[in-house]
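Numbers given in this note's numbering equal positions in the sequence shown, counted from 1, plus 22.
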Amino acid sequence: MSNPVLSLLEQRRSERNFTGETIPEADLQTILRAAQQAPTSVNGQQISLVVVRNKETIAKIAELAGGQPQVATADTFIAIVIDYQRPAEAARLVGQPMVIDSSAEGLMVGTVDAGIMLQALQTAAGALGYGTTAIGAVRRDPQAMTELLGLPPRTFVAVGTTLGIIDKAKQGQVKPRVPLESFALRERYDLAAVQQGVTQYDATLRQWWDKQGLTEMPSYAASTAGYYRAIYFPHVAATLTSQGFAFKDE
Ligand SMILES: Cc1cc2nc3c(=O)[nH]c(=O)nc-3n(C[C@H](O)[C@H](O)[C@H](O)COP(=O)(O)O)c2cc1C
Numbered sequence: 023m024s025n026p027v028l029s030l031l032e033q034r035r036s037e038r039n040f041t042g043e044t045i046p047e048a049d050l051q052t053i054l055r056a057a058q059q060a061p062t063s064v065n066g067q068q069i070s071l072v073v074v075r076n077k078e079t080i081a082k083i084a085e086l087a088g089g090q091p092q093v094a095t096a097d098t099f100i101a102i103v104i105d106y107q108r109p110a111e112a113a114r115l116v117g118q119p120m121v122i123d124s125s126a127e128g129l130m131v132g133t134v135d136a137g138i139m140l141q142a143l144q145t146a147a148g149a150l151g152y153g154t155t156a157i158g159a160v161r162r163d164p165q166a167m168t169e170l171l172g173l174p175p176r177t178f179v180a181v182g183t184t185l186g187i188i189d190k191a192k193q194g195q196v197k198p199r200v201p202l203e204s205f206a207l208r209e210r211y212d213l214a215a216v217q218q219g220v221t222q223y224d225a226t227l228r229q230w231w232d233k234q235g236l237t238e239m240p241s242y243a244a245s246t247a248g249y250y251r252a253i254y255f256p257h258v259a260a261t262l263t264s265q266g267f268a269f270k271d272e
């Protein structure tokens with residue numbers, strides 16, 4: 023049975039090649055309005071977006087993200103900001119203190135809500151035929167990103183997304199995933215299934231890259247190990263702290 027929502031989800035992939043054309047403001051509004059309907063923890067709505075269309079600012083974001091060309095060539099960049107200024111204003115209105123932003127739970131709440139927002143934005147954009155790539159590298163130099171976007175205390179840019187018109191000649195391919203049974207574990211966690219899935223997927227991804235002629239691309243094990251052998255963004259805690267966040271229970 024064909025279903026447009028399922029097809030969109032099943033066919034989703036990061037798009038890193040854009041035509042350079044401009045997305046009409048009305049479509050951008052549609053995407054933003056649809057994404058805003060995403061759920062948030064306790065309806066706190068502790069996410070704000072900074073929607074950047076100014077090309078010089080986008081170029082600066084690309085530079086801070088380590089010189090990523092897919093950012094520099096995006097029509098629009100949307101920064102997804104954990105924003106405890108909004109709940110703080112709510113607390114102020116009723117004369118209550120607010121401590122969630124200086125707790126581990128607050129970091130989890132904000133991060134989960136930001137991830138949901140990312141998916142909502144990207145799905146809405148995809149539904150209109152636009153391309154996106156999530157950009158975690160907004161955390162590469164989080165202090166400079168905070169200053170560039172004018173973020174006050176109690177806010178932190180969790181992730182961002184590019185948005186642009188897909189260059190169909192250079193469209194991304196749907197990337198395979200680990201076997202479903204090593205991902206969706208039934209009833210109880212199954213470590214052996216997870217580990218077995220890694221071996222299988224390493225070969226699957228190798229074949230996928232080779233088929234595209236990208237034989238120099240590392241497979242899953244090499245790529246993941248390469249990223250995770252060191253802390254690749256080592257200034258996150260410092261900026262979170264200076265923005266007033268903390269990772270503690272009390
Ligand atoms: C939170 C997050 C951060 C990401 N950051 C980047 C990034 O900085 N640059 C980039 O090119 N891709 C980035 N990606 C995209 C991933 O590399 C991509 O989703 C993954 O390789 C799977 O490929 P697919 O999205 O085409 O299925 C990020 C994805 C997520 C979810």
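Ideal placement from N, C-alpha and C gives every residue a C-beta, glycine not left out. These numbers come from a predicted model, not from an experiment.
Just to confirm my understanding: we take residue 122, look at its own chain, exclude 5 residues before and 5 after, and list those with CB closer than 6 Å. What are they? 128.
Three-state secondary structure assigned by DSSP to residue 71: Strand.
Are the beta-carbon atoms of residue 155 and residue 177 separated by less than 8 Å? For residue 155 and residue 177, no; Cβs fall outside 8 Å.
CB contact flag (residue 250, residue 224, <8 Å): Taking 8 Å as the Cβ cut-off, residue 250 and residue 224 do not qualify as a contacting pair.
Going residue by residue through the stretch 36-109, where are the continuous alpha helix (DSSP H) segments of at least 4 residues, counting only ones entirely within it? DSSP runs (the alpha helix (DSSP H)) wholly in the stretch 36-109: 47-58, 77-86 and 91-94.
Excluding the five sequence neighbours on either side, which residues of its own chain have a C-beta within less than 7 Å of the C-beta of residue 110, listed in chain order? Answer for residue 110: 120 and 176, listed in chain order.
Relative to ligand 1, is the shortest distance from any of its heavy atoms to the C-beta of residue 190 smaller than 7 Å? Because no heavy atom of ligand 1 lies under 7 Å away, the Cβ of residue 190 does not count as near it: no.
Starting from the N-terminal side, write out each stretch of the alpha helix (DSSP H) that is 4 residues or longer and does not extend beyond the stretch 180-247. Fully enclosed alpha helix (DSSP H) runs of 4 or longer: 213-233.
For a test of your reading of the model: does the CB of residue 228 fall under 7 Å from any non-hydrogen atom of ligand 1? Yes or no. Residue 228: no, Cβ never under 7 Å from ligand 1.
Reference residue 37; option with closest CA among 93, 124, 236 and 230: For residue 37, the nearest C-alpha among the options comes from 93.
Do you know how far the Cα of residue 267 is from the Cα of residue 130? Rounded to the nearest angstrom, the two C-alpha atoms are 11 Å apart.
Mind checking which residues open and close the alpha helix (DSSP H) that includes residue 264? Unbroken alpha helix (DSSP H) run through residue 264: 258-264.
Span separating the alpha-carbon of residue 194 from that of residue 153: Each residue's Cα considered, the two are about 10 Å apart.
When we look at the beta-carbon of residue 116 and count the other beta-carbons within 10 Å, is it buried (16 or more) or exposed? Residue environment analysis places residue 116 among the exposed positions, since fewer than 16 neighbouring C-beta atoms fall within 10 angstroms of its C-beta.
Are there three or more Cβ pairs, one per stretch, closer than 8 Å when the stretch 71-79 is compared with the stretch 199-216? Between the stretch 71-79 and the stretch 199-216, the count of Cβ pairs shorter than 8 Å is below three; the stretches do not touch.
Could you tell me whether the Cβ atoms of residue 165 and residue 106 are closer together than 8 Å? Cβ distance not < 8 Å, so residue 165 and residue 106 don't count as in contact.
Contact belief for residue 138 with residue 56 at Cβ below 8 Å, rounded distance in angstroms: Going by Cβ atoms, the distance from residue 138 to residue 56 rounds to 13 Å, so no, they are not a contact pair.
Is any non-hydrogen atom of ligand 1 found closer than 7 Å to the C-beta of residue 92, if you look at the structure I gave you? The answer is yes for residue 92.
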